[in-house]
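In the numbering used here, the protein residues as written are 61 to 364.
Let me begin by presenting the structure, written as structure tokens, before commenting on it.
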Amino acid sequence: MTLSQIMYFLAVVKHKTFTQASDELYISQSSLSKQIKALELELGHTLFIREAKENSLTPAGERFLEYATKFSKDYSSMMSDLNQINGNLSKTALILGVLPIINEYSLNNDIVFFQKLIGSSNIYINLLEREQEELQNMMQFGQIDAAILRTDSFDLSKYEYVTYLEEELVLIYPDKMEHLDKEYVTLEEIADHPLISFDESSSLHTTIKQLFHERNLYPRFSYLYKHHEQILSMVNANFGVAVIPGNLVAAAVFPNIRVAHFKKPIKSKICLVRPKNVPASEPLNLLFKYFESTYQEMDKESFS
């Protein structure tokens, strides 16, 4: 049982339908349904009576709701209490969720520099690395103050944000596929190749799938992984091709990989995001001001 599963359960209880709950959580209805079924399987009880118009709780669901509600409140209280333990109980914690890209995108340098800027204040940063889907849910349920995540398939209407980086997605392919050795490629040219991709917990998976579907292309996703190193390794071993952010290509480590650019450039954006209608703490306001002053006028499409 995971924290996310409990929060998913509470969202379905709140909205009474999987459709509305999945919209609030920014995940697919099928993913939400799978997580609830996994939770029911672990508990050994059916939690919802599934009907066409709305779902209602079973007796076991009613009982589990009591525990889930208490757990959600206790979790928030626990995090608040623990965040005060940093050698100085008067310090204020800024809980920042971030994709597992800290090293690849030099994010750690930015966070460290920001911490130094506010070093004389009573603020410290609690940094949590999580996957895209979990970060969205944690923001939704107020478990983090803000997140650094990809916004390509993310509805920003309810959020304030600062763009950290806009980068190009590129095609990587094994050197044995000499027919792809050209200045530019198109999605049509690679649609019939085995595609290696990030799994469905990544917004990049949704973005890439949508790009193909917009052109009435339905490629075969042969292998799905959480981490880009696994994708690079599979392409390097000649298992297929992949579309990934150019900043993640490690040609020195994977010598059999070649890179091609798309004729019509495909971009992916990473932003610092926070909910709009939630009062922002002083540390969070300071972080947003730092990102605005540092990145708003900068073109950070590539790293040296």
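Even glycine gets a Cβ: it sits at the ideal position worked out from N, Cα and C.
Unbroken alpha helix (DSSP H) run spanning residue i, endpoints
i: residue 313; result: Neither: residue 313 is in no alpha helix (DSSP H) and is coded neither H nor E.
i: residue 343; result: 342 to 355
i: residue 269; result: 263 to 273
i: residue 216; result: Element bounds for residue 216: n/a, residue is neither H nor E.
i: residue 321; result: No alpha helix (DSSP H) contains residue 321, which is instead part of the beta strand (DSSP E) from 317 to 322.
i: residue 301; result: Unbroken run through residue 301 is the beta strand (DSSP E), 301 to 305; no alpha helix (DSSP H).
Burial state of residue i, where buried means 16 or more other Cβ atoms lie within 10 Å
i: residue 148; result: Model confidence at residue 148 stands at a pLDDT of 47, short of 50, so the residue's coordinates are unreliable and nothing is read from them.
i: residue 127; result: exposed
i: residue 256; result: buried
i: residue 170; result: buried
i: residue 319; result: exposed
i: residue 275; result: exposed
i: residue 302; result: buried
i: residue 270; result: exposed
i: residue 288; result: buried
i: residue 202; result: exposed
i: residue 67; result: buried
i: residue 101; result: exposed
i: residue 62; result: exposed
i: residue 109; result: exposed
i: residue 279; result: buried
i: residue 165; result: buried
i: residue 307; result: buried
i: residue 315; result: exposed
i: residue 221; result: buried
i: residue 216; result: exposed
i: residue 328; result: buried
i: residue 233; result: buried
Contacting residues, own chain, Cβ-Cβ under 8 Å from residue i (five flanking each side not counted)
i: residue 188; result: 155, 156, 157, 158, 198 and 204
i: residue 186; result: 143, 153, 154, 155 and 156
Inter-residue CB distance, residue i and residue j (contact presumed, cutoff 8 Å)
i: residue 336; j: residue 219; result: 6 Å
i: residue 200; j: residue 263; result: Contact doesn't hold; Cβ gap of about 15 Å is too wide.
i: residue 299; j: residue 254; result: 7 Å
i: residue 231; j: residue 250; result: 6 Å
i: residue 236; j: residue 259; result: Incorrect: roughly 26 Å between the Cβ atoms, too far for contact.
Element boundaries [beta strand (DSSP E), containing residue i]
i: residue 71; result: Note, residue 71: premise wrong, no beta strand (DSSP E); alpha helix (DSSP H) at 63 to 75.
i: residue 332; result: 326 to 335
Contacts around residue i, its chain only, beta-carbon distance under 6 Å, and the 5 residues preceding and following it disregarded
i: residue 261; result: 191 and 193
i: residue 281; result: 255 and 257
i: residue 342; result: none
Cβ-based neighbour list, residue i, same chain, cut-off 7 Å, excluding 5 preceding and 5 following
i: residue 106; result: 100, 118 and 120
(request) Could you tell me which uninterrupted alpha helix (DSSP H) segments, each at least 4 residues in length, are contained entirely in the stretch 224 to 254, listed from first to last along the chain? (result) Annotation note: the stretch 224 to 254 contains the following uninterrupted alpha helix (DSSP H) runs of length 4 or greater, listed N- to C-terminal: 247 to 250.
(request) Go through the stretch 81 to 138 residue by residue and report every complete run of the alpha helix (DSSP H) that reaches 4 residues or more, in order. (result) With a minimum length of 4 residues, the continuous alpha helix (DSSP H) runs that stay inside the stretch 81 to 138 are 89 to 103.
(message) Give the list of continuous alpha helix (DSSP H) stretches no shorter than 4 residues that lie fully inside the stretch 157 to 202.
(response) For the alpha helix (DSSP H) assignment, the uninterrupted runs of no fewer than 4 residues enclosed by the stretch 157 to 202 are, from N- to C-terminal side, 167 to 177 and 192 to 200.
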